[in-house]
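Single-structure report; data block below.
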Amino acid sequence: MEKKDVGRKKRKVSDSMGELEIEDGVLFGAQTQRAINNFPISGITLPVSFIRSLILIKLFAAKANSSLGCLDSNIAEAISDACETLLEDADLMTHFPVDVFQTGSGTSSNMNANEVIATLAKERSKLLINPNDHVNFGQSSNDVIPTAIHMSTSLLIKNRLLPSLKALSQALALKAEETKEFCKTGRTHLMDAMPIRLDQTLYGWEGQIANDIHFLEQISPSLNVLALGGTAVGTGINTHPDFSKTFMKLISERTGIQFKSPANYFPLMSSQDTVVALLGNLKTTAVSIMKIANDLRWMNSGPLAGLGEISLEALQPGSSIMPGKVNPVIPEAAAMVAAEVIGNDASVTIAGQSGNFELNVMLPLIAHKAVLSIELLSNISSLLAEKCIKTFVVNAENLNAALHRNPILVTALNPVIGYAKAAEIAKKAYKENRPIIEVAEEETDISRSKLEELLDPMKLTLGGL
């Protein structure tokens, strides 16, 4: 879309509250300008994916209303064309400057969209197109914004988060197959424990991600139920009885997601319970990411004074003062993403409690935190797969050096010599810094060949007696 030269020149516009000045050339109008004036709070706007969903709602609301005889077909076509133009605009967000911290219903953002679409449609068609009477026909901010929250999160989960998590799961499974011949010291309480194969560690991580995918797939059908059609308080006042059903058919064809009308509009507007539940699932995914990231950091620690079990891909210098230092930057970024998503869950939990009678009044905050969490997890999952899991190298010498000196291997002798005798051998091996097999050979009458069989670390990863 052709950019306009926006200067300092002002023009007067008006709404139901009177006149005010606005920069000449912008597409938005009086209500957006009032929001700009009223909410100079964070400088953070609602996410682009949310705004794109908002525009899609306006596009197919116009088409639905036209097909139902509620909106002149020429006006509906002009609105639809304006929406399509905005969806292709690389500078889309210049038209949507309203702060996240605004009116709790998101009315300012809804009217921002109505005004921008009306202005663009009017300029191109030369028809008289009104933001409220035409673009917003049969709608309310109170059903539009909850609909945009569900739509944007549903689309992001389908198109970004689930593919990213599935790619991470696949990378973990493939790396597990590559590393199944490596055995390492297991750790509980950060202390030496029984051996574990490296593929078992990776399959442990993969199982966490598989569970996260399952939880997200389980909640997706609830996100696909949209509030549009409830209008102001859930009764559907001022909209055609078939508007919601018609809209759902059209939007489903466009997005490839089977969106549905609710049997009961009231909970979708007075609460945001589904999105609160979604953030709980996203928090669980963040916890999985945090665990994997921290395990990778520990296993990579060193290279001399740490565990040094693996070497992560070197991506950038790690210090401005210590030459040659390389840090595990992707796992560190992943841990920060996890912390942010966990915090976002707390914000949405509090926001979800703000359903006062017929409307939740923290909708913009919920939209911001939900979309941000999905986008962060999508991005970091891809980075973990590509720049950590696929590329780390196993330091076999370090693994083996620690493994064969691990006194806890004596656990395998418990059924033969008893716990107390095994503990005595373990303490002596640790005190004298000797391999457990040497001390066991001295302290028991078990043959060397039998001890080698009993204490074989790889065999100990298979379980059983």
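Basically our numbering = 1-based index in the sequence shown + 329. In this text, a Cβ means the ideal position worked out from N, Cα and C, and glycines have one as well.
Same chain only: Cβ atoms within 6 Å of residue i, ignoring 5 sequence neighbours per side
i	result
Phe466	Asn394, Leu400
Phe588	Asn553, Leu555, Met577, Ile580, Ser581
Phe572	Ala393, Gly467, Gly558
Ser683	Asn689, Val690, Met691
Val427	Ala364, Ser437, Ser438, Asn441
Ile621	Trp534
Residue i and residue j closer than 7 Å at C-beta
i	j	result
Ser676	Lys698	yes
Gly435	Pro693	yes
Lys716	Glu642	yes
Ile695	Gln601	yes
Lys387	Ala442	yes
Ile709	Val670	no
Ser551	Thr517	no
Ile639	Met628	yes
Gln368	Glu444	The amino acid occupying residue 368 in the given sequence is Phe; Gln does not appear at that position. Cβ atoms of Phe368 and Glu444: not closer than 7 Å.
Glu452	Ala502	no
Val723	Phe511	yes
Phe430	Ile370	yes
Ala407	Ser469	no
Any non-hydrogen atom of the ligand HEM closer than 6 Å to residue i Cβ
i	result
Ile478	Inclusion of the ligand HEM in the displayed structure is not the case, the ligand content being empty and no account of it being possible.
Residue i in three-state terms, based on DSSP
i	result
Ala731	helix
Ser600	coil
Arg363	helix
Ser343	strand
Leu491	helix
Asn684	A quick correction: the sequence has Gly, not Asn, at residue 684. Gly684: strand per DSSP, three-state reduction.
Asn465	coil
Leu400	coil
Val722	strand
Asp674	helix
Asn553	coil
Asp472	helix
Asp528	helix
Arg381	helix
Val335	The predicted position of Val335 is uncertain, since its pLDDT is 49 and thus under 50; a value taken from the coordinates is nonetheless stated next. Reduced to three states, the DSSP call for Val335 is coil.
Leu705	helix
Met628	helix
Ser371	coil
Ile639	strand
Cα-Cα separation, residue i to residue j
i	j	result
Gly565	Ala390	14 Å
Gly681	Leu597	11 Å
Pro744	Ala769	14 Å
Ser498	Ala725	24 Å
Thr476	Lys495	27 Å
Tyr532	Gln645	29 Å
Pro524	Pro736	11 Å
Val658	Leu791	34 Å
Gln362	Ile542	42 Å
Ala731	Leu519	14 Å
Ser590	Gly354	38 Å
Ser396	Glu350	37 Å
Glu661	Ala359	45 Å
Lys750	Thr740	10 Å
Lys487	Ser481	10 Å
Thr568	Asp462	12 Å
Leu780	Ala634	31 Å
Ala714	Leu738	33 Å
Arg777	Ile746	15 Å
Glu417	Ala411	10 Å
Gly398	Lys504	58 Å
Ile446	Thr423	13 Å
Asn366	Pro460	20 Å
Ser630	Leu728	13 Å
Ser402	Leu456	12 Å
Spatially closest choice to residue i from the options, by CA coordinates
i	options	result
His479	Met651, Lys620, Ile703, Leu421	Ile703
Ser409	Gln431, Asp418, Leu385	Leu385
Leu783	Lys719, Leu742, Ser454, Thr614	Leu742
Glu687	Gly563, Val604, Leu738, Leu449	Gly563
Ala561	Glu781, Asn471, Val464	Asn471
Arg734	Ile718, Ile754, Phe721, Ala407	Ile754
Ile404	Val429, Leu449, Asn366, Ala419	Leu449
Leu383	Asn367, Val464, Leu456	Val464
Thr720	Ala592, Asp344, Ala500	Ala500
Lys612	Asn685, Arg340, Gln537, Leu625	Gln537
Arg787	Leu527, Ala615, Ala664, Ile586	Looking at the sequence shown, residue 787 is not Arg but Met. That would be Leu527, whose Cα lies nearest to the Cα of Met787.
Ala664	Ser469, Asn540, Val616	Val616
Cβ shell of residue i (< 8 Å), same chain only, five flanking positions each side left out
i	result
Leu485	Ser378, Val700, Ile703, Glu704, Ser707
Ile548	Thr603, Ala606, Leu607, Asn610
Leu491	Ile542, Leu545, Glu546
Closer than 7 Å to chain D by CB, residue i
i	result
Ile458	Chain labels in this structure do not include chain D; a single protein chain is all it has.
Beta-carbon proximity list for residue i, same chain, < 7 Å, skipping 5 on both sides
i	result
Leu276	The shown model of the chain, from 330 to 794, leaves out residue 276, and the question about it has no answer.
Thr773	Ile746
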